[in-house]
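**Student:** Once you've had a glance at the structure underneath, I'll fire off some questions.
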Amino acid sequence: MIAPETAFDRLCAALRRAGKVVRTNRPGQVMAQCPAHDDQRPSLSVKAIEGQVLLYCFANCHVDDVLARLGLTTRDLFDDREGVTYAYDDGRKVHRSWDKRFRQSGTTNGHRTTLYRATKVAAANKAGETIYVAEGEKDVHALESLGVTATTAPMGAANWSKVDPWPLYGAAKVVAIVHRDEAGQKWAAAVREMFTGHVDQLDFRQAKTGNDAADHIAAGHTLDELEPVPDLGPLELAPNVVSAIGQVFAGVTVDSAARANGCTIAELTAALRVSGAREIEPTSEWDSVDLLGAEFREAPDILDGVVPVGVALLSAAPNVGKTRLLTQLSVAAVRGAPILGRQTTKTRVLTLALEDGARRYRKALTEQVGTSWPNRGQLTIRTTSKRLNEGGLVEIERHLDRHAECGLVIIDVLERVRPRSTGTNAYRLDYEALAPLQRMANVRQIAIVVVHHANQRADVADIFEKVSGTSGLTGVVDSLLLLQRRRGDNVGRLSVSGREVEDQEIALSFTDGWWGPASEGMPAALLDEKREVRELWLWLADNEGASTADLAKQYGRTENATLKVLRRLEERELIDSLGTPAKGRPVCWQVVRNVS
Ligand SMILES: [Zn+2]
């Protein structure tokens, strides 16, 4: 069987017959001497797209003139000289005649039409690729000749609103290519309305040359050369919607914020997804009437009193055991089991373990869960992430869209996801990274634990000081955690402060690499003491009323040396002497326990 002649072959053959130079650029594309003007160097672009050929003369000769000089007609631009047939995935067929008349066959019923290339579009969406939306099938074929995924709706731009947009929902980036005419502007408005809030990024572009994508591509332009469309930015948010969004970011329920600001819940929900909404500041000034009327969301803490809904920033020096603590928190939250002597709220978890490889994380996880594995879908571990401002945030949002029950996201560590440093100060970068996370946490009512890695031990306290002090970070962090442990020590301390939790110091034990609650009643203040002193205190806790001599024996020092330590502990209100001993009687001691 002989392959049917394509329009491209036909044009090339005709040009050669007419004695014109024909230079092949790449398969399916040539530059030739134009037969319609005195062409010294080849300036006629001939490009094959599916079903037809695109012609463009850089001296602006009309296509009809070019064809006439070659003894061809408009029909010759099509592989099938009758025209081209566009086959939709649902069985619809659109026939475009050589003289631009349309008719349809196949599946043409139903209120909803299907996107052209719907299956391919869904796959590209899943893969996170940019998808181009055009006004007609010819544009789609032209775009496809450049290797990208493109789509349109049947029956022209005016029928756009009838198409089922679902395969494009959730797409990372959609670029709509708008015709340079009035119908194009109307089409763009319909596209904007349909996809605002449903795709992560929606851009509008127009041809650099000619009217449409096919003209632009026929002229040999790349997709980077598409031009922005004036007066067609992202959808403007109405002032009442902006006010409602600010309240939601401040913790008010969507329901209550919509009611208070006179917009519908659907309107507000869609607006919250618009990329511009992320820039809106949480409401920080209230009329008392509005504040009293607002309903705040009341979600339980993920870790009682330590990790509330919102962003928790965990600072720790290297090798303190923070990754272990987070592995324990992940597993406990997945099971709804207590950890560090505190309750957790059962939830699914996404962990960005960016400092560990999968192998290392598996080792820690195996030690933690033994044979009692979590169920599939309960705990997701990602070992890489883009920077938050370069798609990382979108990746997290997408995970949360797919896993509605995920209520805890752990980011270990902040340095790996915050905006790249360009000489700006680190706190500003941290703020820029944490602010969108804080909004996301509030809108979705989830907890996000972000690890701040300090390289120097001194830095840790410094960060805590700065964050809890005057820096802007307090505005975007709901809970501040500082994990400290001396090298080789078997106890540690978790300091907690913030707007949504009570300031407290939690004493922890660190045994065989795992964190647990410290011995019952052990005051956090004792953590400042050396290990031997703590052990002395713990022994006394079990032997109330022991004398200085008993304690000296236990401590392994002289009575004098021991008494010095005991007096110090007494001053710190960690122990008490029992009554006032009579002259010549030994002093006896008891511990002071946490009153809670
Ligand atoms: Zn020409």
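In numbering that gives the first Met the number 0, the protein residues as written are 0 to 595.
Glycine included, every Cβ here is placed at the ideal spot set by N, Cα and C.
#1: Is it right to say Leu351 is buried, meaning 16 or more other beta carbons lie within 10 angstroms of its own, or is it exposed?
#2: Under a Cβ-count criterion, where at least 16 other Cβ atoms within 10 Å of its own Cβ denotes burial, should Gly183 be classed as buried or exposed?
#3: Please return the same chain residues whose Cβ sits closer than 8 Å to the Cβ of Ser329, not counting the five positions on each side in sequence.
#4: Measuring only the C-alpha atoms, how far is Glu49 from His140?
#5: Mind reading off the beta-carbon distance from Val476 to Val310? Whole number of angstroms is fine, and I expect it under 8 Å.
#6: If you measure from the CB of Ala35, is any heavy atom of ligand 1 nearer than 7 Å?
#7: Kindly indicate the opening and closing residues of the alpha helix (DSSP H) around Met30.
#8: Does ligand 1 have even one heavy atom less than 7 Å from the beta-carbon of Asp63?
#9: Can you have a look at Asp511 and say buried or exposed, based on whether 16 or more other CB atoms are within 10 angstroms of its CB?
#10: Thr346 and Ala332 - do their beta-carbons sit closer together than 8 Å?
#11: Looking only at its own chain, which residues have a Cβ that is under 7 Å from the Cβ of Gly127, when we skip the five neighbours before and after it?
#12: Please list, in chain order, all residues of the same chain as His215 whose beta carbon is under 7 Å from its beta carbon, the five residues on each side excluded.
#13: Is the CB-CB distance between Gly82 and His94 below 8 Å?
#14: For Gln246, does the count of other Cβ atoms within 10 angstroms reach 16, so buried, or fall short, so exposed?
#15: Are Gly169 and Thr151 close, meaning C-beta to C-beta below 8 Å?
#16: Does the beta carbon of Tyr131 come closer than 8 Å to any beta carbon on chain B?
#17: Check the C-beta distance from Thr344 over to Ile301 and give it rounded, since I have them as a contact under 8 Å.
#18: Residues bridged to Arg381 by DSSP?
#19: When DSSP labels each residue in this structure, what does Phe509 get in the three-state scheme?
#20: For Ile445, does the three-state DSSP call read helix, strand or coil?
#21: For Asp203, write down the residues that DSSP places opposite it in a beta bridge.
#22: I need the straight-line Cα distance from Ala403 to Ser144, nearest angstrom please.
#23: Starting from the Cα of Phe7, find the closest Cα among Ile445, Leu54 and Arg498 and give me that residue.
#24: Pick from Arg419, Asp88, Arg204 and Gly304: whose alpha carbon is nearest that of Pro229?
#25: What does the alpha-carbon distance come out to for the pair Ile338 and Arg397?
#26: Does DSSP put Ile279 in a helix, in a strand, or in coil?
#27: Excluding sequence positions up to five away, which residues of its chain have a Cβ less than 7 Å from the Cβ of Ala133?
#28: What did DSSP end up calling Arg15 once you bin it into helix, strand or coil?
#29: Identify the continuous alpha helix (DSSP H) that holds Tyr554 and give its terminal residues.
#30: Is it buried or exposed for Thr322, if we count other Cβ within 10 angstroms and need 16 for buried?
#31: Answer yes or no: do Gly491 and Leu482 have a C-beta to C-beta separation smaller than 8 Å?
#32: Mapping DSSP to helix, strand and coil, what is Ser595?
#33: Please classify Ala596 as buried or exposed, where buried requires at least 16 neighbouring CB atoms within 10 angstroms.
#34: Where Val241 and Tyr360 are concerned, what is the direct C-alpha to C-alpha distance, given to the nearest angstrom?
#35: Measuring alpha carbon to alpha carbon, tell me which residue in Asp488, Pro516 and Glu389 is nearest Val532.
**Tutor:** On the basis of the coordinates in this document:
#1: Counting every other CB atom within 10 Å of its CB across the protein chains shown gives Leu351 a total of 16 or more, marking it as buried.
#2: buried
#3: Cβ contact annotation for Ser329 (same chain, cutoff 8 Å, sequence separation greater than five): Val348, Thr350, Leu378, Leu407 and Ile409, in chain order.
#4: For Glu49 and His140, the distance between alpha carbons rounds to 6 Å.
#5: 5 Å
#6: At least one heavy atom of ligand 1 is nearer than 7 Å to the Cβ of Ala35, so yes.
#7: Where Met30 is concerned, there is no enclosing alpha helix (DSSP H), although the beta strand (DSSP E) it sits in stretches over Gln28 to Ala31.
#8: Asp63: no, Cβ never under 7 Å from ligand 1.
#9: exposed
#10: yes
#11: Ala171
#12: Ala206, Lys207, Thr208, Gly209 and Leu225
#13: Contact flag set, yes.
#14: buried
#15: no
#16: Of the protein chains in the structure, only one exists, and it is not chain B.
#17: 5 Å
#18: Leu351
#19: strand
#20: coil
#21: According to the sequence shown, residue 203 is Phe rather than Asp. Answer is Ala175, bridged to Phe203.
#22: For Ala403 and Ser144, the distance between alpha carbons rounds to 39 Å.
#23: Restricting attention to Ile445, Leu54 and Arg498, the CA atom closest to the CA of Phe7 is found in Leu54.
#24: Arg204
#25: 29 Å
#26: Three-state result, Ile279: coil.
#27: Val139, Leu142, Ala149, Thr151, Ile176 and Ala212
#28: helix
#29: Thr547 to Tyr554
#30: buried
#31: yes
#32: Note that Ser595 scores 45 on pLDDT, short of 50, meaning its location in the model is unreliable and no value can be drawn from it.
#33: Because the chain is modelled from 0 through 595, residue 596 falls outside the range shown and cannot be assessed.
#34: Rounded to the nearest angstrom, the gap between the Cα atoms of Val241 and Tyr360 is 42 Å.
#35: Asp488
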